[in-house]
Amino acid sequence: MTGTVLIVDDQKGVRRLLEELFRRDGWQVKVAGDGIEAMDSVEEIIPDLVLMDVKMPNMNGLEATHAIMARNPSIPIIMMTAYGEIEVVRQALEAGVKRCISKPFDIVTLRDMVNELMIDRAS
Ligand SMILES: [Mg+2]
Numbered sequence: 275m276t277g278t279v280l281i282v283d284d285q286k287g288v289r290r291l292l293e294e295l296f297r298r299d300g301w302q303v304k305v306a307g308d309g310i311e312a313m314d315s316v317e318e319i320i321p322d323l324v325l326m327d328v329k330m331p332n333m334n335g336l337e338a339t340h341a342i343m344a345r346n347p348s349i350p351i352i353m354m355t356a357y358g359e360i361e362v363v364r365q366a367l368e369a370g371v372k373r374c375i376s377k378p379f380d381i382v383t384l385r386d387m388v389n390e391l392m393i394d395r396a397s
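Numbering (my numbering), first residue to last: 275 to 397.
This is the structure we're talking about:
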């Protein structure tokens, strides 16, 4: 099950890697380099899934999550945190994020998480 995924990360390398992975799996991919770009993107097309980095300039991932959730609470968001950021994970889940995955993550783990979310969403 695929659709449109929005990948939000300030690191170009991460965006590229994830874009390639999702395209290969049949997704339509949109990318954003910070929270403000992410919000602009959601205004254009409502994605089926958002992959959100936490630390970004201009508007961070938690702020962007709050902004997106306020308008589109049904969009599933996966937050990409750093290892051991327990407080960030807590805040992310409180903000409505569905899952957190700590960087650096295994591609297979991410794919399983995405598939599980999409199945949950469809049921
Ligand atoms: Mg970052």
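All C-beta atoms in this analysis are idealised placements derived from N, C-alpha and C, irrespective of residue type, glycine included.
Neighbourhood of residue i by C-beta distance below 6 Å, restricted to the same chain and skipping five residues each side
| i | result |
| --- | --- |
| Leu323 | Val279, Pro350 |
| Trp301 | Thr276, Val279 |
Straight-line Cα distance separating residue j from residue i
| i | j | result |
| --- | --- | --- |
| Gly309 | Glu359 | 19 Å |
| Leu295 | Ala356 | 20 Å |
| Leu384 | Ile393 | 14 Å |
| Ser315 | Arg364 | 26 Å |
| Val328 | Ile352 | 10 Å |
| Ala306 | Ala312 | 5 Å |
| Arg345 | Arg297 | 27 Å |
| His340 | Lys377 | 21 Å |
Nearest candidate by alpha-carbon position, reference residue i, set the options
| i | options | result |
| --- | --- | --- |
| Leu367 | Ile320, Lys377, Trp301, Met354 | Met354 |
| Asp299 | Gln365, Ala396, Ile381 | Ile381 |
| Glu337 | Ile319, Val362, Val305, Ala396 | Val362 |
| Met333 | Ser348, Val282, Glu293, Lys286 | Val282 |
| Pro331 | Asn389, Gln285, Arg395, Phe379 | Gln285 |
| Val388 | Lys372, Lys377, Ser397 | Lys372 |
| Glu293 | Glu318, Ile320, Glu317, Met326 | Met326 |
Proximity test, residue i beta-carbon vs ligand 1 heavy atom, cut-off 7 Å
| i | result |
| --- | --- |
| Lys286 | no |
| Lys372 | no |
| Met353 | no |
| Asp283 | yes |
Residues of its chain near residue i, where Cβ-Cβ distance is below 7 Å and the 5 sequence neighbours each way are ignored
| i | result |
| --- | --- |
| Tyr343 | A quick correction: the sequence has Met, not Tyr, at residue 343. Ala369, Gly370. |
**Inside the segment 334-360 only - alpha helix (DSSP H) runs reaching at least 4 residues** = Correct list: 335-345.
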